Amino acid sequence: MWKLRNQDESADDNEGQERNSVMPQSLSAMFIHVVFSTHQRKDIFQNPELRQRVHRYLGGITRNLDSPLYAVGGTTDHVHALIRLGKTVPIATLVKEIKRNSTLWIREQDEFNATGFSWQAGYGAFSVSESNVPAVSDYIARQEEHHRKWTFQDEFILLLKKHNIAFDEKHLW
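Written as structure tokens, this is what we have:
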């Protein structure tokens with residue numbers, strides 16, 4: 006059983022006793038819905054097969070960071086990814102590495118004809134409860150359907166509002 010020590014108690018007070026307050030491992034379950042677009046929202050991923058290749062590559066990057074990819078989708082100009090964040094990886098580092106590694110890979114792929122490719126500078130990261138993982142996965146899987154009705158900008162603003170994130174629209178794009 007875990008016991009919280011009072012501030013007045015010193016470590017010596019428990020000397021010789023079993024140390025019940027030590028947690029031997031770190032455990033976490035944090036799901037993050039990450040959204041980012043191509044630089045200037047260029048329609049780089051028009052070919053669905055190439056888009057799938059990018060999505061698979063993103064999954065490899067997240068696996069290497071001990072942050073499994075649960076769902077990935079998007080359209081010609083942006084990506085949505087549902088990721089279970091690894092217990093030692095900050096969100097900013099995860100997104101930076103996803104973008105950096107995938108940028109280098111995309112530039113090397115002749116089929117993309119994207120030697121100057123880059124992602125936008127920023128991103129959105131939204132927490133997802135374990136109970137909402139299936140719904141968010143389904144939402145990500147249906148990106149093409151969503152974007153028959155809404156633009157990426159409309160969708161992103163809706164996500165910001167849904168998660169009560171303050172923003173200034175002139176600094177979003």
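Reminder that position 10 of the sequence shown reads as 15 in the numbering used here, one-by-one numbering, no gaps.
For glycine and all other residues, C-beta sits at the position ideal for the given N, C-alpha and C.
As the structure is a prediction and not an experimental result, all values here were calculated from the model.
From this set, the options, which residue's C-alpha is nearest residue i's C-alpha?
i	options	result
L163	E113, G129 and A146	G129
E149	T67, S31, L99 and F50	F50
I111	N69, R56 and M28	R56
L63	K104, R46 and I96	K104
A34	K92, F157, N118 and A119	K92
W178	V27, L32 and F41	F41
V39	N106, L74 and H176	L74
T156	M28, R46 and Q30	R46
A126	H176, Q114, Q30 and I170	H176
Would you verify that the beta carbon of residue i is, or is not, closer than 9 Å to some beta carbon of chain C?
i	result
E174	This model lacks chain C altogether, as it is built from one protein chain only.
DSSP beta-bridge partners for residue i?
i	result
G129	V40
G91	According to DSSP, which records beta bridges pairwise, G91 is partnered with nothing at all.
M28	Looking at the DSSP assignment, M28 forms no beta bridge with any residue, so it has no partner.
W124	T43
Whose C-beta lies closer than 6 Å to the C-beta of residue i among residues of the same chain, with five residues either side of it excluded?
i	result
L165	F172
A76	L87, S142 and I145
G79	H85 and Q148
N69	none
Using a Cβ-Cβ cutoff of less than 7 Å, which residues in the same chain neighbour residue i once the five nearest sequence positions on both sides are dropped?
i	result
S123	H44 and T108
E102	I66 and L70
E135	A34 and F36
I96	I37, L90 and A130
Our contact map puts residue i next to residue j with C-beta atoms below 8 Å; I'd like the distance itself, whole angstroms only.
i	j	result
H168	E160	That pair is no contact at about 13 Å.
V94	D71	7 Å
V138	I37	Actually they do not touch by this definition, with Cβ atoms about 11 Å apart.
D48	T98	About 29 Å separates the two Cβ atoms, so there is no contact after all.
For residue i, which residues of its own chain have a beta-carbon under 8 Å away from its beta-carbon, when the five flanking residues on both sides are left out?
i	result
H60	V77, G78, G79 and V84
N52	E116
T120	R112
### beta strand (DSSP E) runs wholly inside the segment 42-112, at least 3 long, in chain order
74-79 and 83-90
### Contiguous beta strand (DSSP E) assignments of at least 3 residues, all confined to the segment 129-176
129-133
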